[in-house]
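Protein chains in written order, with this note's numbering: chain A, 4 to 97; chain B, 6 to 265. The next block holds one structure in the form of structure tokens; read it before the comments.
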Amino acid sequence: MSIEWPLWEVFIRGQHGLNHRHVGSLHAPDAEMAVNNARDVYTRRNEGVSIWVVRSSDITASAPSEKGPLFEPSNSKVYRHPTFFDVPDEVGHM
Amino acid sequence: MSAAQQTGAAESAALFEFLLRMGDNALILGHRVSEWCGHSPALEEDIALSNTALDLIGQTQLWLALAGEVEGRGRSADDLAYLRDGLDFRNVLLVERPNGDFGKTLMRQFLFDAWHYLLLKALKGSSDRRIAEIAEKASKEVAYHLDRSRDLVIRLGDGTAESHRRMQDALDDLWPYTGELFMGDASDTAIAADGAAPEPASLKASWDELVAEALTEATLKAPADGYMQKGGKRGVHTEHLGFILSDLQFLQRAYPGGTW
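Take a look at the structure:
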């Protein structure tokens with residue numbers, strides 16, 4: 004039966020977190036039931052205060068084969084990382 | 006025994022009876038629903054049903070713990086759940102009905118949830134603070150149970166020809182077991198007089214409305230209110246309860262006091 008149901012990606016906002024985070028996926032016939040199922044499958048241990056679901060097929064993903072052109076150029080640009088600042092002692096641990 | 010003491014004893018006996026009914030309904034339905042664990046048609050439904058079962062078992066602990074306290078003979082919730090015989094169980098017959106197919110389980114759940122939801126809503130205003138507190142906690146869980154079972158009854162009733170037929174069969178089969186939810190007896194009247202719980206019959210109109218609305222949307226037709234099965238509330242059960250208890254109580258009966 005679940006084979007006929009589309010796949011949904013589930014995002015949950017944790018108790019203290021600011022952003023919805025991807026927690027996994029599940030099957031459901033429509034959005035309303037996907038939210039219900041997400042509640043039952045992914046919030047059994049008090050993990051969340053808000054749920055988003057989105058059809059997996061509606062997600063546009065980058066192609067793994069383009070990994071090189073997409074991500075490698077940023078490898079050699081260390082100056083983009085804010086590691087060259089002297090942090091004053093008073094700031095303490097960051 | 007003085008007259009006042011006698012009244013007090015009668016009152017706590019009625020209260021004990023009421024609490025057993027609440028606890029036993031939750032315990033037996035929780036057990037029935039837990040029988041689906043690992044067998045549901047989809048993983049998501051399997052987890053959802055297990056959650057419902059666990060909610061009900063949790064509520065059982067609260068009701069039966071309070072029952073033991075009111076009885077005052079030192080019996081714990083576990084003692085009451087595991088060491089009573091069938092004749093001492095006070096659940097309505099509806100919750101001991103066999104699971105049947107998935108449609109039947111869902112229909113039983115919906116008919117019970119609608120009643121449970123209305124009752125707990127009323128119990129939040131109970132004159133007994135302990136009852137009101139349990140109702141407060143349980144009603145949040147049960148609101149979700151009702152949401153879910155109602156939704157699925159509508160989807161399946163208004164689904165394919167096959168799912169519609171199964172839901173209508175389930176409704177026809179279970180309907181004669183719904184009347185008992187609203188039948189009162191002397192102990193119900195005593196409890197209601199104290200304001201501890203509503204008269205069972207007082208929930209009927211709201212239940213009819215809630216159920217009729219969902220069934221209409223589900224394109225299902227409720228049978229006319231004919232002969233209604235009864236007995237569970239006073240300990241007269243169908244043969245199904247015996248099988249449930251032999252599963253449920255086996256360990257404590259075979260190994261008294263065993264823990265793990």
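Virtual Cβ for every residue (Gly too), placed ideally from N, Cα, C.
>> Under 8 Å, with one C-beta from each stretch per pair, do the segment 86-100 of chain B and the segment 244-256 of chain B reach the 3-pair mark?
In response: yes
>> Please list the terminal residues of the continuous alpha helix (DSSP H) segment that includes glycine 73 of chain B.
In response: If you number the second sequence from 1, residue 73 of chain B lands on position 68. Start and end: 48-76.
> Comparing alpha-carbon positions, which option in B:Gly263, B:Glu141, B:Thr183 and B:Gln10 lies nearest glycine 231 of chain B?
Replying inline: By 1-based counting over the second sequence, the position of residue 231 of chain B is 226. Residue B:Thr183 is the option with its Cα nearest to glycine 231 of chain B.
> Excluding the five sequence neighbours on either side, which residues of its own chain have a C-beta within less than 8 Å of the C-beta of leucine 125 of chain B, listed in chain order?
Replying inline: Residue numbering aside, residue 125 of chain B sits at position 120 when the second sequence is read from its first letter. The answer, listed in chain order, is Ala140, Ala143, Ser144 and Val147.
> Which two residues bound the contiguous beta strand (DSSP E) that contains histidine 30 of chain A?
Replying inline: Indexing the first sequence from 1 puts residue 30 of chain A at position 27. Run containing histidine 30 of chain A: 23-30, per the beta strand (DSSP E) assignment.
> Is DSSP giving glycine 17 of chain A helix, strand or coil here?
Replying inline: Along the first sequence, read from residue 1 onward, the residue named residue 17 of chain A stands at position 14. If DSSP states are grouped into helix, strand and coil, glycine 17 of chain A belongs with the strands.
>> Closest to leucine 34 of chain B by C-alpha separation, out of B:Gly263, B:Leu250, B:Pro261 and B:Thr264, would be which residue?
In response: The count along the second sequence starts at 1 and reaches residue 34 of chain B at position 29. For the residues B:Gly263, B:Leu250, B:Pro261 and B:Thr264, the minimum Cα distance to leucine 34 of chain B belongs to B:Leu250.
>> Checking 8 Å against the spacing of the C-beta atoms, do alanine 41 of chain A and valine 13 of chain A come in under that value?
In response: Against the first sequence, residue 41 of chain A aligns to sequence position 38. Against the first sequence, residue 13 of chain A aligns to sequence position 10. Their beta carbons are under 8 Å apart, which means alanine 41 of chain A touches valine 13 of chain A by this criterion.
> Taking the C-alpha atoms as reference points, what is the distance between leucine 21 of chain A and glutamine 173 of chain B?
Replying inline: Numbered from 1 along the first sequence, position 18 holds the residue referred to as residue 21 of chain A. Numbered from 1 along the second sequence, position 168 holds the residue referred to as residue 173 of chain B. Taking the straight line from one Cα to the other gives about 46 Å.
>> Since alanine 31 of chain B and leucine 61 of chain B should fall inside the 8 Å C-beta cutoff, what is the C-beta to C-beta distance between them, to a whole number of angstroms?
In response: Translated into positions along the second sequence, residue 31 of chain B becomes position 26. Translated into positions along the second sequence, residue 61 of chain B becomes position 56. That belief holds up - the Cβ atoms of alanine 31 of chain B and leucine 61 of chain B are roughly 5 Å apart, short of 8 Å.
> Does the Cβ-Cβ distance between alanine 72 of chain B and isoleucine 196 of chain B come in under 8 Å?
Replying inline: Taking the first residue of the second sequence as position 1, residue 72 of chain B is located at position 67. Taking the first residue of the second sequence as position 1, residue 196 of chain B is located at position 191. Contact: no.
>> Measuring straight from C-alpha to C-alpha, what distance separates arginine 113 of chain B and alanine 175 of chain B?
In response: Mapped onto the second sequence, residue 113 of chain B falls at position 108. Mapped onto the second sequence, residue 175 of chain B falls at position 170. Their Cα atoms are separated by approximately 8 Å.
> Okay, do the segment 149-168 of chain B and the segment 114-121 of chain B touch, 3+ Cβ pairs below 8 Å being the bar?
Replying inline: yes
>> Assuming glycine 51 of chain A is part of the beta strand (DSSP E), what are its boundary residues?
In response: Taking the first residue of the first sequence as position 1, residue 51 of chain A is located at position 48. Its beta strand (DSSP E) spans residues 51-58.
> Between asparagine 104 of chain B and chain A, is there a C-beta pair that is closer than 8 Å?
Replying inline: Against the second sequence, residue 104 of chain B aligns to sequence position 99. By this cut-off, asparagine 104 of chain B is not an interface position.
> Using the rule of at least 16 other Cβ atoms within 10 Å of the residue's Cβ for burial, across every protein chain shown, is methionine 4 of chain A buried or exposed?
Replying inline: The residue you call residue 4 of chain A lines up with position 1 of the first sequence. Note that methionine 4 of chain A scores a pLDDT of 47, beneath 50, so its modelled location is shaky and nothing firm can be said.
> For asparagine 40 of chain A and chain B, any beta-carbon pair shorter than 8 Å?
Replying inline: For the purposes of this step, residue 40 of chain A is taken as the residue at position 37 of the first sequence. Cβ-Cβ to chain B under 8 Å: yes for asparagine 40 of chain A.
>> I'd like the list of long-range same chain contacts for glycine 17 of chain A, defined as Cβ closer than 8 Å, with 5 residues on each side in sequence excluded.
In response: Here residue 17 of chain A corresponds to residue number 14 of the first sequence, with the count starting at 1. Hits under 8 Å: Arg24, Glu50, Gly51 and Val52.
> To which residues does DSSP link glutamate 12 of chain A through a beta bridge?
Replying inline: Here residue 12 of chain A is taken as the residue at index 9 of the first sequence, counted from 1. In DSSP, glutamate 12 of chain A forms a bridge with A:Ser28 and A:Val57.
> If you draw a straight line from the C-alpha of glycine 236 of chain B to the C-alpha of leucine 253 of chain B, how long is it?
Replying inline: The residue you call residue 236 of chain B lines up with position 231 of the second sequence. The residue you call residue 253 of chain B lines up with position 248 of the second sequence. Cα to Cα, the separation comes out at about 21 Å.
>> According to DSSP, simplified to helix, strand and coil, what is histidine 150 of chain B?
In response: As a position in the second sequence, residue 150 of chain B is number 145, starting the count at 1. Note: histidine 150 of chain B maps to helix in three-state DSSP.
> Considering only residues of the same chain and omitting the five flanking positions on each side of leucine 85 of chain B, which have a CB-CB separation below 8 Å?
Replying inline: Here residue 85 of chain B refers to the residue found at position 80 when the second sequence is read from its first residue. Contacts found: Leu25, Gly28, Leu69, Ala72 and Gly73.
> Taking Cβ positions, are proline 203 of chain B and alanine 127 of chain B nearer each other than 8 Å?
Replying inline: Taking the second sequence and counting its residues from 1, one reaches residue 203 of chain B at position 198. Taking the second sequence and counting its residues from 1, one reaches residue 127 of chain B at position 122. Yes; because the gap between Cβ atoms is below 8 Å, this pair is in contact.
>> Which residue marks the beginning of the alpha helix (DSSP H) containing arginine 48 of chain A, and which one marks its end?
In response: Reading the first sequence from its first residue, position 45 is the one you call residue 48 of chain A. First-last for arginine 48 of chain A: undefined, no H or E at that position.
> How many angstroms separate the CA atom of alanine 259 of chain B from the CA atom of isoleucine 136 of chain B?
Replying inline: Taking the second sequence and counting its residues from 1, the one referred to as residue 259 of chain B is at position 254. Taking the second sequence and counting its residues from 1, the one referred to as residue 136 of chain B is at position 131. Each residue's Cα considered, the two are about 34 Å apart.
> If isoleucine 159 of chain B sits next to glutamate 222 of chain B, beta carbons under 8 Å apart, how far is it from one beta carbon to the other, in whole angstroms?
Replying inline: Here residue 159 of chain B is taken as the residue at index 154 of the second sequence, counted from 1. Here residue 222 of chain B is taken as the residue at index 217 of the second sequence, counted from 1. Right, their Cβ atoms sit about 5 Å apart.
> Taking Cβ-Cβ distances below 8 Å as the criterion, which residues of the segment 6-30 of chain A are in contact with chain B?
Replying inline: Trp8, Leu29 and His30
> What's the C-alpha gap between glycine 91 of chain B and glutamate 16 of chain B?
Replying inline: Mapped onto the second sequence, residue 91 of chain B falls at position 86. Mapped onto the second sequence, residue 16 of chain B falls at position 11. Between glycine 91 of chain B and glutamate 16 of chain B, the C-alpha separation is close to 24 Å.
> Just curious, the alpha helix (DSSP H) that lysine 109 of chain B is in, first and last residue?
Replying inline: Along the second sequence, one-based indexing puts residue 109 of chain B at 104. Per DSSP, lysine 109 of chain B belongs to the alpha helix (DSSP H) from 107-128.
> Quick one: is isoleucine 54 of chain A buried, meaning 16 or more other Cβ sit within 10 Å of its Cβ, or exposed?
Replying inline: In the first sequence, residue 54 of chain A corresponds to position 51, counting from 1. Buried, because 16 or more other Cβ atoms sit within 10 Å of the Cβ of isoleucine 54 of chain A.
> For serine 5 of chain A, which three-state DSSP category applies?
Replying inline: Looking up residue 5 of chain A in the first sequence gives position 2. For serine 5 of chain A, the pLDDT reaches just 45, beneath the cut-off of 50, and the residue's location in the model is therefore unreliable, although a value from the coordinates is still provided. Note: serine 5 of chain A maps to helix in three-state DSSP.
>> Which same chain residues end up closer than 7 Å to phenylalanine 21 of chain B when comparing Cβ atoms and leaving out the 5 residues on each side of it in sequence?
In response: Locating residue 21 of chain B in the second sequence gives position 16, where the first residue counts as 1. So the list reads Ala72, Val75 and Glu76, once near-sequence residues are dropped.
>> Is there a Cβ of chain A sitting closer than 8 Å to that of glutamate 204 of chain B, yes or no?
In response: Position 199 of the second sequence, counting from 1, holds the residue named residue 204 of chain B. Chain A contact via Cβ: absent.
> Secondary structure at alanine 195 of chain B, three-state DSSP: helix, strand or coil?
Replying inline: By one-based count along the second sequence, residue 195 of chain B stands at place 190. It is helical.
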